[in-house]
Amino acid sequence: MLRLYGIAARAWMNRYNSDTAERRQARAAVAEQQPAVVVTGGSRGIGFEIARTFVANGHHVLIIARGAPALTAAAADLNGIYNGRCHTVALDVTAPDAAARIDEALRRAGLYCEVLVNNAATGVSGPFAENADSDLDALTVLNVAALTRLMHSVLPQMLARGSGGVISLASLGGYVPGPHQAAYYASKAYVVSLSEAVAAEISGRGVNICVVAPGPVDTRFHENMGAERAIYRRVLPALTPEDVAAVAYRGFTNGQRVVVPGLHYRLAFLALRLLPHFISVPLTGIILKNPQR
Ligand SMILES: NC(=O)c1ccc[n+]([C@@H]2O[C@H](COP(=O)([O-])OP(=O)(O)OC[C@H]3O[C@@H](n4cnc5c(N)ncnc54)[C@H](OP(=O)(O)O)[C@@H]3O)[C@@H](O)[C@H]2O)c1
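The C-terminal residue of the sequence shown carries number 460 in this note's numbering, and the numbering is unbroken.
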């Protein structure tokens, strides 16, 4: 059933995908290179597991993070099993020249970007009025500006070739305003909106835009944003990064535009779409609150 859905989805995505001269030219331009999956924030957590899943399915990956030691360790881990298919570039993706440096790293490795996984993000918790300016700036620059720039930089070539796609990590939090994580939830609503709008614009041109919206996942993310003691960490079951990666990979390859890992979180997703905000927003605020603050 899922396979039939995948075939139908791909046929629909490719309905305008005729083999034009421009397309042949764009493909010929990368004929000497290998396609690669570029994963921002690929050194740990969900990004690392998505990289592992693509490598395990025969792809080359380029993983990106700021911290070189963790990146090197992650690549050694993957290359230990899938010899030579994991490449790295230590880079802050908020740098103005990030896209150019990713291109350069790909070229040096004989690769081109076939799939971008826009995964790196940061969170800020606590009452918005008390958040530090520097934390809010770091969040919008990474979660919104860098994600937009990277997607914008890879799309023209993908469209010219009529293949590939972008997977962006949003969150269930992208579907409801989140008191006590206001800016983080708002940034994920941006990711959902951007991805779905671009997907509609380029529908039928062979390029898949997929947004992944997990509930809480067991990674360092919550601790790093000072939310480890918030109520949701105790009451909501956490997904594993491996589960999220497997569902994201399957959803993307089947041409799905929105992927929500976990049956219980698919039900929560449905509830968030149906409930009016005067109910869902205060409830979300209750579970996002850190009672010790
Ligand atoms: N964990 C959850 O519960 C959850 C739920 C829903 C959605 N998500 C989303 O899933 C994605 C991944 O989350 P995660 O939990 O796996 O996070 P994580 O464990 O904190 O990993 C974040 C990754 O991003 C990298 N990174 C951070 N800032 C960067 C920058 N400026 N430039 C390049 N790389 C950077 C980190 O490495 P360096 O620090 O070395 O740069 C690390 O590799 C995020 O978009 C998050 O919003 C997470």
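For glycine and all other residues, C-beta sits at the position ideal for the given N, C-alpha and C. From a predicted model like this one, the values you see are computed outputs, not experimental measurements.
Can you give the beta carbon distance from residue i to residue j, rounded, assuming they're within the 8 Å contact cut?
i, j, result
"G332", "N286", "Contact flag wrong, Cβ pair sits at about 14 Å."
"L314", "V282", "Wrong, their Cβ atoms sit about 15 Å apart, outside the cutoff."
"R190", "A366", "No, R190 and A366 are not in contact; Cβ-Cβ is about 20 Å, not under 8 Å."
"S354", "N298", "At roughly 13 Å, the Cβ-Cβ gap does not stay under 8 Å, so S354 and N298 are not in contact."
"L322", "A380", "About 21 Å separates the two Cβ atoms, so there is no contact after all."
Residues in the same chain with beta-carbon distance under 6 Å from residue i, minus the five sequence neighbours each way, listed in chain order, please.
i, result
"F221", "V204, V228"
"G214", "V206, G208, N286"
"Y249", "V222"
"Q348", "S292, L455"
Less than 8 Å between the beta carbons of residue i and residue j, yes or no?
i, j, result
"G277", "Q201", "yes"
"G290", "G329", "no"
"F436", "Y342", "yes"
"G382", "G422", "no"
"A257", "L238", "yes"
"A242", "R211", "no"
"V411", "E216", "yes"
"A232", "I334", "no"
"T451", "G345", "yes"
"C253", "I230", "yes"
"R396", "N457", "yes"
Do we get a CB-CB distance below 8 Å when we pair residue i with the residues of chain C?
i, result
"K355", "Absence of chain C from the displayed structure is noted, only one protein chain being present."
Could you spell out the range, first to last residue, of the alpha helix (DSSP H) harbouring residue i?
i, result
"E281", "From DSSP, E281 is part of no alpha helix (DSSP H) but of the beta strand (DSSP E) over 278-285."
"G341", "It is not in any alpha helix (DSSP H) - G341 carries neither H nor E in the DSSP assignment."
"H347", "Run containing H347: none; DSSP gives neither H nor E here."
Spatial neighbours of residue i within its chain, please: CB distance less than 7 Å, with the 5 preceding and 5 following residues excluded, ordered by chain position.
i, result
"G393", "S292, G293"
Judging by CA-CA distance, which residue of the options is the nearest neighbour of residue i?
i, options, result
"T261", "A288, A241, E271", "A288"
"L336", "P346, P458, E363, F445", "E363"
To which residues of the same chain is residue i closer than 8 Å at the C-beta, ignoring the five residues directly before and after it?
i, result
"A265", "L258, D259, A313, R316, L317"
"E123", "Coverage of the chain is limited to positions 168 through 460, which leaves residue 123 absent and any answer about it impossible."
"Y279", "V197, Q200, Q201, P202, A203, L273, Q324"
With a threshold of 7 Å (Cβ to nearest heavy atom), would residue i be considered close to ligand 2?
i, result
"F388", "Questions concerning ligand 2 fall outside what the structure shown contains, since the ligands it does hold are ligand 1."
Over what stretch of residues does the beta strand (DSSP E) that includes residue i continue unbroken?
i, result
"G332", "332-336"
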